[in-house]
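Residue numbers (the numbering used here): 267 to 318.
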Amino acid sequence: MDSNSAALEAHDAFRVTISGIWSEVIAGRMSDDDGWAAVGDALTELRDEVGQ
Numbered sequence: 267m268d269s270n271s272a273a274l275e276a277h278d279a280f281r282v283t284i285s286g287i288w289s290e291v292i293a294g295r296m297s298d299d300d301g302w303a304a305v306g307d308a309l310t311e312l313r314d315e316v317g318q
């Protein structure tokens, strides 16, 4: 897999993760603060996967 394909795959996984996080917040199963913390963690993971 080339680096561009890997970056696109990581981005797609990130979008799915963010969607799931906000679904939990909207449903009341996660607080806003926990949601933002989870988004920060997901961004860190994306950055690590992409290597930037």
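Ideal Cβ positions, reconstructed from N, Cα and C, are used throughout, including at glycine.
Small disclaimer: the values here were computed from a predicted structure and weren't measured.
Under 8 Å by Cβ, that's how I've got A273 and V316 pegged, so tell me the actual separation to the nearest angstrom.
5 Å
With distances taken between CB atoms, is the gap from A304 to I287 smaller than 9 Å?
yes
Let me check understanding here. Comparing Cα to Cα, which of I284, S297 and A293 lies closest to L309?
I284
According to DSSP, is D307 helix, strand or coil?
helix
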